[in-house]
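Notes for the one structure printed next.
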Ligand code: CTP
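Residue numbers (this note's numbering): 72 to 469.
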């Protein structure tokens, strides 16, 4: 899977840098082409000679080196993936803030290839809010974070913060960047986020959906080769498009129009948005002033987007709906599968701790048309997205 793949490995100053030697060794053994960039302090932990010998390429360290100066842009273009392992707290903070005072940072800032990072630090640093904020920033830039592990730390303490083992890092690279593309040539559309239904120029009816689940599904479909369109409600979560076509909408009616336009040419549609079921019958032109003790708003049903697509669905199209339930979860999900003519319904119960709106985790069960049922444990939304897309591939594209 890694044969002929070009990996640019950035190494920073951390005791875990010794593991970078194994990492290079394993990558080369798998047939990857590896170029190594080191920061000055990384050289205190592992020798450039070791890494140039193992990678069979000269190790790059100097920003103003005659050879590497012109290279800092080209290196990011050369690589299929830039991997920074170990990533120290210091370099993490610089990356989050766009600081460019060494070759590794110059390459990172100009890299056009995907970037993965494997942080390594002591537990207390790992838990500092500044570290969390810096990691969240990198994640919002679209960088992939390889989870740290628990274990013995350089301080002699035991806890979280150890860099992932080289085998785990290689598995992560394979899973995240070098999967086969079973959905190549397919078009997918995904809805995400809430809808806002205006009451007057300053107020609306909305819900707490963040859109994270839908965004994760859109990214996963793209990773597996599909051309993806995302119809996104008004969530503050930023979507870094990276080739995903994003249509921003506000109301259920706008989402309905966008979805019906896209569905005509879609092979797969995943409806993860939390669409408002009701909208105000009349939207006041001016701000509604307070008068009486009670105010009654008259609401009317919005169009059911999933149902409307289910009615039009052609045999070869795969339609996936979501069901967010608080009670009678199974029955309600099965009923939605039928009434909306979907192929799959993804059930998440708000009763399950860590599942549903606002969380970074979710717990799902997928119900299929022919009575099939797939249960999954509580996982991160990215992993849940992988389970959903894997199920679609297994059932329809294997
Ligand atoms: N959905 C939709 N259009 C709507 C309402 C819901 O397309 N106007 C879709 C959602 O995106 C989701 C599925 O329908 O994929 C189920 O949404 P949910 O809110 O759980 O169910 P509803 O059909 O709205 O039924 P109820 O609220 O009564 O449970």
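C-beta: ideal position from N, C-alpha, C; glycine also.
Keep in mind it's a predicted model, so treat the numbers as computed, not measured.
At a cut-off of 7 Å, would you count residue 73 as near ligand 1, judging by its Cβ distance to the nearest heavy atom? Numbered from 1 along the chain shown, position 2 holds the residue referred to as residue 73. Every heavy atom of ligand 1 is 7 Å or more from the Cβ of residue 73, so no.
Pick from 198, 200, 147 and 204: whose alpha carbon is nearest that of residue 176? As a working mapping, residue 176 is identified with position 105 in the chain shown. Looking at the Cα atoms, 147 is the closest of the given residues.
Identity of the residue in 95, 101, 261 and 178 nearest residue 460 by Cα: Here residue 460 corresponds to residue number 389 of the chain shown, with the count starting at 1. Closest option to residue 460, judged by alpha-carbon separation, among 95, 101, 261 and 178: 261.
Counting Cβ pairs, one atom from each stretch, are 3 or more of them under 8 Å apart for the stretch 295-306 and the stretch 245-256? Short answer: they touch.
For residue 84, is the classification buried or exposed, using 16 other Cβ atoms within 10 angstroms of its Cβ as the cut-off for buried? Counted from its first residue, the chain shown places residue 84 at position 13. Result: buried.
With a threshold of 7 Å (Cβ to nearest heavy atom), would residue 197 be considered close to ligand 2? Among the ligands present in this structure, namely ligand 1, ligand 2 is not found.
Bridge partners - residue 300, DSSP secondary structure assignment: Against the chain shown, residue 300 aligns to sequence position 229. Paired residue(s): 260 and 316.
Report the CB separation of residue 421 from residue 395 in whole angstroms; it is logged as a contact under 8 Å. The sequence position of residue 421 within the chain shown is 350, counting from 1. The sequence position of residue 395 within the chain shown is 324, counting from 1. Correct: roughly 6 Å between the Cβ atoms.
Grab the span of the beta strand (DSSP E) containing residue 237 for me, first residue to last. Here residue 237 refers to the residue found at position 166 of the chain shown. Unbroken run through residue 237 is the alpha helix (DSSP H), 237-248; no beta strand (DSSP E).
Assign residue 322 to buried or exposed, taking buried as 16 or more other Cβ atoms, counted over all protein chains shown, within 10 Å of its Cβ. For this step, residue 322 is matched to residue 251 along the chain shown. Residue 322 is buried by the Cβ-count criterion.
Please determine, among 337, 398 and 87, the residue with the shortest C-alpha to C-alpha distance to residue 386. Numbered from its first residue, the chain shown carries residue 386 at position 315. Shortest Cα-Cα distance from residue 386 to any of 337, 398 and 87 involves 337.
Under the criterion of a Cβ to heavy atom distance below 7 Å, does residue 407 qualify as lining ligand 1? Along the chain shown, read from residue 1 onward, the residue named residue 407 stands at position 336. It does: the Cβ of residue 407 is within 7 Å (strictly closer) of some heavy atom of ligand 1.
Measuring alpha carbon to alpha carbon, tell me which residue in 187, 412 and 116 is nearest residue 248. Against the chain shown, residue 248 aligns to sequence position 177. Distance from the Cα of residue 248 is smallest, within the candidate group 187, 412 and 116, for 187.
Rounded C-alpha distance that separates residue 23 from residue 465: In the structure displayed, the chain extends from 72 to 469; residue 23 sits before or after that span and is not available.
In its own chain, which residues sit with a C-beta less than 7 Å from the C-beta of residue 403, not counting the 5 before and 5 after it? Here residue 403 corresponds to residue number 332 of the chain shown, with the count starting at 1. Take residue 403, set aside five residues on each side of it, and the residues of its chain with a beta-carbon closer than 7 Å to its own are 394 and 396, in chain order.
Please determine whether the Cβ atom of residue 156 lies at a distance below 7 Å from any heavy atom of ligand 1. Here residue 156 is taken as the residue at index 85 of the chain shown, counted from 1. Not under cutoff, so the answer is no.
Within the chosen definition, does the stretch 432-443 reach the stretch 407-419 through at least 3 CB pairs nearer than 8 Å? With a cut-off of 8 Å, the stretch 407-419 and the stretch 432-443 count as touching, because enough Cβ pairs lie within range.
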